[in-house]
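Chemist: Residue numbers (this note's numbering), protein chains in the order written: chain G, 1 to 247; chain A, 1001 to 1247. Quick one: this structure, given as structure tokens, is what I'll be asking you about.
There are 2 protein chains.
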Amino acid sequence: MTGTIVEVVIEDSDVPGLEADRGLVSRKSTAERVAGVLRKRIAEGFFLPGGRLSEQDIGNALGVSRNTLREAFRLLTHERLLAHELNRGVFVRIPSIEDVVDIYRVRKIIECAAVRGVTAKPATFARIKEKVDIGDEAARTGNWKDLGTANVWFHQELAALSGSERVNELVGRLTAELRLVFHIMAEPRRFHERYLPRNHEILDRIEAGDGPGAEQLLMKYLEDAEEQLVEAYADRADAARAAVAAD
Amino acid sequence: MTGTIVEVVIEDSDVPGLEADRGLVSRKSTAERVAGVLRKRIAEGFFLPGGRLSEQDIGNALGVSRNTLREAFRLLTHERLLAHELNRGVFVRIPSIEDVVDIYRVRKIIECAAVRGVTAKPATFARIKEKVDIGDEAARTGNWKDLGTANVWFHQELAALSGSERVNELVGRLTAELRLVFHIMAEPRRFHERYLPRNHEILDRIEAGDGPGAEQLLMKYLEDAEEQLVEAYADRADAARAAVAAD
DNA sequence: CAGTAGGGATTGTTGAACAATTCCACAAGA
DNA sequence: TCTTGTGGAATTGTTCAACAATCCCTACTG
Chain G
1 MTGTIVEVVI EDSDVPGLEA DRGLVSRKST AERVAGVLRK RIAEGFFLPG GRLSEQDIGN
61 ALGVSRNTLR EAFRLLTHER LLAHELNRGV FVRIPSIEDV VDIYRVRKII ECAAVRGVTA
121 KPATFARIKE KVDIGDEAAR TGNWKDLGTA NVWFHQELAA LSGSERVNEL VGRLTAELRL
181 VFHIMAEPRR FHERYLPRNH EILDRIEAGD GPGAEQLLMK YLEDAEEQLV EAYADRADAA
241 RAAVAAD
Chain A
1001 MTGTIVEVVI EDSDVPGLEA DRGLVSRKST AERVAGVLRK RIAEGFFLPG GRLSEQDIGN
1061 ALGVSRNTLR EAFRLLTHER LLAHELNRGV FVRIPSIEDV VDIYRVRKII ECAAVRGVTA
1121 KPATFARIKE KVDIGDEAAR TGNWKDLGTA NVWFHQELAA LSGSERVNEL VGRLTAELRL
1181 VFHIMAEPRR FHERYLPRNH EILDRIEAGD GPGAEQLLMK YLEDAEEQLV EAYADRADAA
1241 RAAVAAD
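Here it is in structure tokens:
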């Protein structure tokens, strides 16, 4: 035990700005890591809405015990990504029309409030512009999947203007839930593409420090998106449910 | 097996308004019931902020296995009522000042948006008035505990004006978290009492269909409450942490 | 007095076991 | 044909016991 030892000295009293990294240091439990894997798989459509997640199969595949896996399931159920039916197991959730409407109801409240409050803080806006540019680039190269995620990020940045940790978390969950909706829809590509110009308009207002103006545009944006989504979604969700039942 | 049998015929295709009762049929798992018990205990102050919840002790006391109990812990951790430290166990959370500020930031967004949208729907307002009256009665009889809960209910009803399931859930969690704050504070009685007249003012505006007016009052209300709370809370939270550390 | 090496207690995770429930196919009856 | 039991197989719900990993505290050493 006399090998080379790299000694790391950390001053215990005054290390400014380091406490924020505490979260990065803290290891995560197995259940949380498993939940992370499943969350990603659900987001990318590997597990489709309505599909059942078998404890045995997934437990074996991931090499974790049933108990640990069940803890992960609980986590995702709480995020509304999975639906838990007693003695039947967990299923990837199929959001209902009411869910879609409610999601947009909350988005209108949250995002509009965040945007309304802007005056002139150039620092924050760079992140928003970045997301708009990514969306443009994705549309130009025809990369529809990236376009969708860029659009999601754009709205998350808008919500982040509120500067609230809880708002960020809430919006993160709402968008994850929306992904389920998009997986059921037929053609998400065209859906997102329509709104690219409006992203620019909103960004312009924000950069001009015109909060209320941006809010007005954003509200119309969300109302239109919701209407279009509900229309296209109505029979799709039923079809998905029927497909699962028939399978 | 030839006793009286009450035969209930259910048409499989067209049973209007029955699907809504689906939730009532579904029983709850043990973990959820355990979480319910713990949630109530935390709310009423049986488990104080900073206290550790031993898996062994509570598992024995409630007669459930460690695995089931751990599932319940996860649930409450996700609601920010418990804090989970790896290999150290779960503790009743001690909200920080930043948490208090952030909670009020979200409350301002949510509650003000809900109130702003009112025009004139007398049906809904009865529930709000009910809560105000309960608060008055509690103050008159000197029942300070009921006064606090009545006040919480009042605000939950305000948020419910948004008509969003997700908003209701979010506000429910925020108020549960606020209860932790109140448990740390010295004198919650006087804190709530000060705001009773303002409840009436806000209710008046709502009943008059004056959404923006009510919003203005509510925003001031929340700003004042936050300021007072932060001021009174600053050293209290540290004291609670120190007390736990010393214990 | 600082640092460190045990040792006890608690949590993290697994595997197995059994009970409870659901699902599915098939037979029986109207 | 359609509905209604009735088995058994499969899956989930829950508990238990065991061990590894980690933390906390004490006592020892320099």
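Each residue gets a CB set at the ideal place from its N, CA and C atoms; glycine is no exception. Bear in mind that the values here come from a model prediction, so they are computed numbers and not experimental data.
Looking at the unbroken alpha helix (DSSP H) that takes in V1090 of chain A, where does it start and where does it end?
Modeler: Numbered from 1 along the second sequence, position 90 holds the residue referred to as residue 1090 of chain A. Per DSSP, V1090 of chain A belongs to no alpha helix (DSSP H); it is in the beta strand (DSSP E), G1089 to V1092.
Chemist: Quick check on D1262 of chain A - is its C-beta less than 8 angstroms from some C-beta in chain G?
Modeler: Only positions 1001 to 1247 of chain A appear in the structure, and residue 1262 of chain A is not among them; the question remains open.
Chemist: Give the C-beta separation of I94 of chain G and A240 of chain G to the nearest angstrom, bearing in mind that I take them to be a contact with Cβ-Cβ under 8 angstroms.
Modeler: By 1-based counting over the first sequence, the position of residue 94 of chain G is 94. By 1-based counting over the first sequence, the position of residue 240 of chain G is 240. Correct: roughly 6 angstroms between the Cβ atoms.
Chemist: Any beta-carbon of chain A closer than 8 angstroms to the one on D102 of chain G?
Modeler: Walking along the first sequence from the start, residue 102 of chain G turns up at place 102. With 8 angstroms as the cut-off, D102 of chain G counts as an interface residue toward chain A.
Chemist: Answer with yes or no whether the minimum CB distance from H78 of chain G to chain A is below 8 angstroms.
Modeler: Reading the first sequence from its first residue, position 78 is the one you call residue 78 of chain G. Yes, H78 of chain G lies at the interface with chain A (some Cβ there is under 8 angstroms from its Cβ).
Chemist: Check whether the Cβ of A1159 of chain A lies closer than 8 angstroms to any Cβ atom in chain G.
Modeler: In the second sequence, the residue the question calls residue 1159 of chain A occupies position 159. No, its Cβ sits nowhere closer than 8 angstroms to a Cβ of chain G.
Chemist: Check distances from the C-beta atoms of the segment 1035 to 1059 of chain A to those of chain G and list, in chain order, the residues that come in under 7 angstroms.
Modeler: So nothing in the stretch comes that close.
Chemist: How about Y1195 of chain A and I1097 of chain A: are their beta carbons less than 8 angstroms apart?
Modeler: Translated into the one-based positions of the second sequence, residue 1195 of chain A becomes position 195. Translated into the one-based positions of the second sequence, residue 1097 of chain A becomes position 97. No. Outside cutoff.
Chemist: Throw me the rounded Cβ distance for the I1103 of chain A and I110 of chain G pair, which I believe falls under 8 angstroms.
Modeler: For the purposes of this step, residue 1103 of chain A is taken as the residue at position 103 of the second sequence. For the purposes of this step, residue 110 of chain G is taken as the residue at position 110 of the first sequence. The pair is not a contact, with the Cβ atoms about 15 angstroms apart (cut-off 8 angstroms).
Chemist: Closer than 8 angstroms, CB to CB, is I1109 of chain A near chain G or not?
Modeler: If you number the second sequence from 1, residue 1109 of chain A lands on position 109. Chain G, which has a Cβ nearer than 8 angstroms to the Cβ of I1109 of chain A, makes this yes.
Chemist: Checking contacts by CB at 8 angstroms: is N248 of chain G closer than that to chain A?
Modeler: Since the first and last residues shown for chain G are 1 and 247, residue 248 of chain G lies out of range.
Chemist: Under 8 angstroms, with one C-beta from each stretch per pair, do the segment 1128 to 1147 of chain A and the segment 1184 to 1193 of chain A reach the 3-pair mark?
Modeler: In short, these stretches touch, since the Cβ pair count reaches three.
Chemist: Please work out which residues of its chain come closer than 8 angstroms, Cβ to Cβ, to L75 of chain G, disregarding the five sequence neighbours upstream and downstream, and give them in chain order.
Modeler: As a working note, residue 75 of chain G is residue 75 in the first sequence. Counting only Cβ-Cβ distances below 8 angstroms, and skipping sequence neighbours, we find A31, E32 and A35.
Chemist: For the segment 1188 to 1205 of chain A, list every residue whose C-beta sits within 8 angstroms of some C-beta in chain G, in sequence order.
Modeler: Within the segment 1188 to 1205 of chain A, no residue qualifies.
Chemist: Fully enclosed by the segment 1017 to 1079 of chain A, which alpha helix (DSSP H) runs are 4 residues long or longer?
Modeler: As far as the segment 1017 to 1079 of chain A is concerned, its whole alpha helix (DSSP H) runs of at least 4 residues are 1022 to 1025, 1030 to 1043, 1055 to 1062 and 1066 to 1078.
Chemist: Anything in chain G within Cβ reach of L1218 of chain A, meaning under 8 angstroms, just list it in chain order.
Modeler: By 1-based counting over the second sequence, the position of residue 1218 of chain A is 218. Result: empty, since nearest Cβ-Cβ is about 14 angstroms, beyond 8 angstroms.
Chemist: Terminal residues of the continuous beta strand (DSSP E) containing L81 of chain G?
Modeler: Taking the first sequence and counting its residues from 1, the one referred to as residue 81 of chain G is at position 81. L81 of chain G -> no beta strand (DSSP E), and no H or E assigned at all.
Chemist: Should L158 of chain G and V115 of chain G be called a contact, given that it needs their Cβ atoms to be closer than 8 angstroms?
Modeler: To locate residue 158 of chain G, count along the first sequence from 1; it is residue 158. To locate residue 115 of chain G, count along the first sequence from 1; it is residue 115. In this structure, V115 of chain G lies closer than 8 angstroms to L158 of chain G by Cβ.
Chemist: Comparing the CB of R1033 of chain A with every heavy atom of the ligand FAD, is any distance shorter than 7 angstroms?
Modeler: In the structure shown, the ligand FAD is absent, as is every other ligand, since no ligand is present at all.
Chemist: What residues in its chain sit with their C-beta under 8 angstroms from that of F1125 of chain A, if we drop five residues either side in the sequence?
Modeler: Stepping through the second sequence from its first residue, residue 1125 of chain A is reached at position 125. Counting only Cβ-Cβ distances below 8 angstroms, and skipping sequence neighbours, we find L1203, I1206 and E1207.
Chemist: If I measure Cβ to Cβ from A243 of chain G and keep anything under 6 angstroms in the same chain, skipping five residues before and after, which residues do I get?
Modeler: Reading the first sequence from its first residue, position 243 is the one you call residue 243 of chain G. Once the five neighbours on either side are set aside, A243 of chain G has no close Cβ partner at all.
Chemist: In whole angstroms, what separates the C-alpha of E1137 of chain A from that of L178 of chain G?
Modeler: Residue mapping note: residue 1137 of chain A aligns to position 137 of the second sequence, counting from 1. Residue mapping note: residue 178 of chain G aligns to position 178 of the first sequence, counting from 1. Roughly 44 angstroms separates the two Cα atoms.
Chemist: Can you check which of these residues, A:R1039, A:G1135 and A:V1230, is closest to G1172 of chain A by C-alpha distance?
Modeler: Against the second sequence, residue 1172 of chain A aligns to sequence position 172. Considering only alpha carbons, the answer is A:R1039.
Chemist: For A113 of chain G, decide whether its Cβ has a neighbour in chain A, counting only Cβ atoms nearer than 8 angstroms.
Modeler: Against the first sequence, residue 113 of chain G aligns to sequence position 113. True, the Cβ-Cβ gap to chain A drops below 8 angstroms.
Chemist: Please state whether DSSP places N1143 of chain A in a helix, a strand or coil.
Modeler: On the second sequence, residue 1143 of chain A is found 143 positions in, with the first residue counted as 1. Looking at N1143 of chain A - three-state DSSP - the assignment turns out to be coil, as it is neither helix nor strand.
Chemist: Just to confirm my understanding: we take H1200 of chain A, look at its own chain, exclude 5 residues before and 5 after, and list those with CB closer than 7 angstroms. What are they?
Modeler: Here residue 1200 of chain A corresponds to residue number 200 of the second sequence, with the count starting at 1. Answer for H1200 of chain A: V1132, listed in chain order.
Chemist: Check each candidate in G:T119, G:A113, G:G45 and G:N151 and name the one with the smallest Cα separation from E130 of chain G.
Modeler: Here residue 130 of chain G refers to the residue found at position 130 when the first sequence is read from its first residue. Nearest C-alpha to E130 of chain G: G:N151.
Chemist: Measure the C-alpha to C-alpha separation of A1176 of chain A and L1081 of chain A and round it to an integer number of angstroms.
Modeler: For the purposes of this step, residue 1176 of chain A is taken as residue 176 along the second sequence, with counting starting at 1. For the purposes of this step, residue 1081 of chain A is taken as residue 81 along the second sequence, with counting starting at 1. Between A1176 of chain A and L1081 of chain A, the C-alpha separation is close to 8 angstroms.
Chemist: Quick one: is P1049 of chain A buried, meaning 16 or more other Cβ sit within 10 Å of its Cβ, or exposed?
Modeler: Along the second sequence, read from residue 1 onward, the residue named residue 1049 of chain A stands at position 49. Buried, since its Cβ has 16 or more Cβ neighbours within 10 Å.
Chemist: S29 of chain G: which of G:A61, G:T119 and G:N67 sits nearest, CA to CA?
Modeler: Locating residue 29 of chain G in the first sequence gives position 29, counting from the first residue. Minimum Cα distance to S29 of chain G is reached at G:N67.
Chemist: Would you report the Cα separation of R1105 of chain A and F73 of chain G, rounded to the nearest angstrom?
Modeler: In the second sequence, residue 1105 of chain A corresponds to position 105, counting from 1. In the first sequence, residue 73 of chain G corresponds to position 73, counting from 1. Answer to the nearest angstrom: the Cα atoms are 31 angstroms apart.
Chemist: On the premise that G59 of chain G lies in contact with F91 of chain G, defined as a C-beta separation below 8 angstroms, what is that separation, rounded to the nearest angstrom?
Modeler: Here residue 91 of chain G refers to the residue found at position 91 of the first sequence. Here residue 59 of chain G refers to the residue found at position 59 of the first sequence. Not really, about 17 angstroms apart at Cβ, beyond 8 angstroms.
Chemist: Going by C-alpha to C-alpha distance, which of A:E1055, A:G1209 and A:E1079 sits closest to L1069 of chain A?
Modeler: Position 69 of the second sequence holds residue 1069 of chain A. L1069 of chain A has its Cα closest to that of A:E1055, out of A:E1055, A:G1209 and A:E1079.
Chemist: If you draw a straight line from the C-alpha of V64 of chain G to the C-alpha of H1183 of chain A, how long is it?
Modeler: Residue 64 of chain G sits at position 64 when you count from the first residue of the first sequence. Residue 1183 of chain A sits at position 183 when you count from the first residue of the second sequence. Whole-angstrom Cα-Cα distance: 39 angstroms.
Chemist: Exposed or buried, what is Q1228 of chain A when buried is set at 16 or more other beta-carbons lying within 10 Å of its beta-carbon?
Modeler: Counted from its first residue, the second sequence places residue 1228 of chain A at position 228. Q1228 of chain A comes out exposed.
Chemist: At what residue ranges does the segment 1124 to 1209 of chain A contain a whole run of the beta strand (DSSP E), taking only runs of 3 or more?
Modeler: You should have found no qualifying run.
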